[in-house]
Each structure stands twice: as structure tokens, then as C-alpha cells.
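Taking the working numbering as reference, the numbering of the sequence shown is continuous, increasing by one, and the terminal residue is 426.
We treat Cβ as the ideally placed atom computed from N, Cα and C, and that holds for glycine.
Just below is one structure, and these are the notes that go with it.
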Amino acid sequence: MSSQPNAQRQVYLDHSATTPVRPEVLAAMLPYFAGKFGNASSIHRWGYEAREAINDAREKVASLIGASPSEILFTSGGTEADNLAIRGVAHARRSRGNHLITSQIEHHAVLHTFEVLQKEGFEVTFLPCDKYGLIDPDDVRKAIRKDTILVSIMHGQNEVGTVEPIKEIGEIAREHGALFHSDAVQSAGKIPIDVKELNVDLLTLSSHKIYGPKGVGALYVTKGVRLTPQVTGGAHERRMRAGTENVPGIVGFGEACRLAKAELPEESARLTKLRDKLIEGLLNEIPDVVLNGHPVLRLPHNVNVSVKYLEGESILLNLDRMGVAASSGSACTSGSLEPSHVLLAMGLSHETTHGSLRFSLGMSNTEEDINYVLEILPPIVEKLRAMSPLGPGSVL
Ligand SMILES: *Cc1c(COP(=O)(O)O)cnc(C)c1O
């Protein structure tokens, strides 16, 4: 690639979309594809070996969030865990009430599940947020009723990085006899989570956002809570999620959780430093850039800015040419020019939402990566703005 002198550096800044499987995790998984291939339900040594590996992984996942192993159900990912929590509670508790509470800024795995329940006849309150993407516990207090059976508010927002006050929200849910679910896919391994302290009854995790394999996740379900299974079949996962366990995936997820827990304090501080350097640099080096999300109550790995007068997509294409991977809005909506539902809920104008960029940092990123982005992005923006009809001096 010597003919492309500009594209030599590869900087992956899209860790909120997915992360690579780290070498230790891959090494832990490999024996379970072929040599140790048993079905964990079998009554022989191959089966016991698989069962033991799953038990061991369950302990590691539980330990990351202060749960006990019996409170962890393995699923095919964060999406399925969200579906199981929300639909599973709604269907199991329908006789107790018909009202559900969530927010306008949830991940689509949550939002679309509530929309389907709404069509089934449930009454759903979609709470707003403020301009920082924060949900006000007082709004939960005002919305909650005698017939509210479930509240679901995410922990760390995946697009703008705002960390929600879920401890307070969980307390309100508990006072009113409603169950509380939180999607913690983005916060797990990045900020400390203790499910008992945070007053959550159900919590969603995903492996591939924390350097584990894709296609595996978990739902924490506090003792005593029953869910209506969404996948029916055998008696796996305490009869709440049927299907032969994805043993290599679960083993990898366990190892990823163990490493995330061991490294959390140090890695979280390191990412926060890089994050703040990138935010400061972007705001200082490029005119008409605004930070999206909360300035302080923010995930350590999230940077989200709007570059005014431009489309995020055109910036992304130029960044990609220079070896930098980022995203605009969420991964699910980039590619379409639909403005992000999260930025719209925060009250940003359509112009500002269109120019949004998310950089999500991770293990591989260094200070040099941040310097590189701060070196190449200002001229990209300048070039694109010179060609754009939407600039501040525009006559349109
Ligand atoms: C990625 C993500 C999910 C979906 O998890 P999968 O394992 O990819 O299904 C759910 N919620 C949030 C906040 C996410 O970032």
C-alpha cells in the first residue's frame, strides 16, 4: 500500500459497535470447539467437562456484576437478553398490571420490544431525557402507577455515553412493587456494576462489546423472579432459555468478564484520559463542534460530537480512507440517513444530529491514535465545509 501513504495507520475507534476477541479469550475457547465438544446435558465425561466449563464461566460473569452464579442466564447476545427480560416479565406478570415504563433513548433491542408489547395491548410510557441524555428519576416517580409491572432504563447510553441514575430509578421501582431492568451492555467492564447496590432485578450483558465472541450474552435475573421463556424446548438455563449451550462462546464470555473485572480500574482511568484528550482536541481544533452527551456522567470510552454544517457519513468516509474507523449515530442506523432517535430525544436540531460522530475507545487505542485523529480530522472538515452548501456563510 505504498501508493497510499496516508492510509498506513489503522485506528479502530468503534468499540461500541464491537470489539476484537482478545488472545486470552480465544485461547480459552479453542479447546471447546473440537476436543472438549460435549453437550453439557449429557451424563458422561464429555458432558461433565462441558457442564463444568459453563459453571466456571457463570461464576466469572456473575462476579463482574456482584451477582451469584445461579442468577445468570446465558443467551445468544444482548438483544436476546433484552427481549427475554422485557417480554419475559411482561408476559409473566400480566395478571398484576398492564403498564410498562421505559425511555425514548434505549437501544433498539429494548425500544422495539416495547413497541411490540404496545401492539399486544400493554400501555407503555416512553420517558423523555434532558439535553445531556439524562433521564430524571422524578419522571419515573411521576409515571409509575399501581399497575406498573416493569421499568427498563439503560445504564450507559450507547450513542452519547451518558450514564443514567439507575440506582435511584431502581429504588423508585422497588418502592412501587415494579421490577427494574437495565441494559448494561455498554457500561459492563467499563464502570463498576454491583447489581445489589444498583437496585436492579434484571440486567443485560453482551460478550462481544467486552472482547469476547459474538453471539453470546447474559441476563442477570435476581433470585425469585420468574420469566416466561421466549425460546421453548429443553430444561436449559433454569427452564427460562432452552437450547444446547454455546459452550465455546460461554467460556470465552466468562474469560472476557474475568479479565474486564481484573483490569477495570486501570483501564477505565486510561480510557477516561484518552477520551478527555480527544474531546478537548476536537472542541479546540475544529470550529463549530459541540459535545453530545453529559460532560461528566459519561462512559469512559465514549466521545460523541456534532460537526455542524456537515453530514456525519461524509466525514466517516474520509476518516475511513485515512485508516480511522468511527461511526455516526448508532451502528444500526448508520448507512441510512435517518437522524438518531437519541439525539432527537435530546432536543438537537436535525442539522446537528446529521453531523454527529461517535468515537468509541478501547484496549488497543493509544495517545498516538488520538493525536492522529486530531491531526487528520480538522483538514477533512475544512475541505468538506468548503464544498458544503450548508456553511455558516451559506446563502441558501
Ligand atoms: C450492542 C448492544 C446491544 C445488543 O447486543 P448484541 O449482543 O449485539 O445483540 C444491546 N444494547 C446495547 C446498549 C448495545 O450497545
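Check                                                                                                                                    : Outcome
Cutting at 7 Å between CB atoms, please list the residues of its own chain near Ala361, excluding the five before and the five after it. : Legend: pLDDT at Ala361 = 44, less than 50; position of this residue unreliable, no value from coordinates given.
Give me the Cβ distance between Pro259 and Met270, rounded to the nearest whole Å; I'm assuming they're in contact under 8 Å.            : 5 Å
Ligand 1 heavy atoms versus the CB of Val372: any closer than 7 Å?                                                                       : no
In or out: Ile223 buried (at least 16 other Cβ within 10 Å) or exposed?                                                                  : buried
Of the choices Pro419, Leu347, Ala299 and Ala83, whose alpha-carbon is the least far from that of Tyr339?                                : Pro419
So the beta strand (DSSP E) Ala248 belongs to, where does it begin and stop?                                                             : Gly247 to Val251
Consult DSSP for Pro409 and reduce its assignment to one of helix, strand or coil.                                                       : helix
May I ask which residues mark the beginning and end of the alpha helix (DSSP H) holding Phe9?                                            : Not covered by the structure: residue 9. The range shown for the chain is 31 to 426.
Inspect the beta-carbon positions of Gly245 and Gly107 and report whether they are closer than 8 Å.                                      : yes
Nearer than 7 Å: is that true of the beta carbon of Lys239 relative to any heavy atom of ligand 1?                                       : yes
Quick check on DSSP: helix, strand or coil for Tyr241?                                                                                   : coil
Measure how close the beta-carbons of His331 and Lys413 come, nearest whole angstrom, since I'm counting them as under 8 Å.              : No, His331 and Lys413 are not in contact; Cβ-Cβ is about 28 Å, not under 8 Å.
Give me the Cα-Cα distance between Leu233 and Tyr250, rounded to the nearest whole angstrom.                                             : 5 Å
Run through the DSSP bridge pairs and tell me what Ile102 is partnered with.                                                             : Tyr250
Run through DSSP, which three-state label would Ser72 get?                                                                               : coil
Would the region 277-291 and the region 304-315 be scored as touching if the rule is three or more Cβ pairs under 8 Å?                   : no
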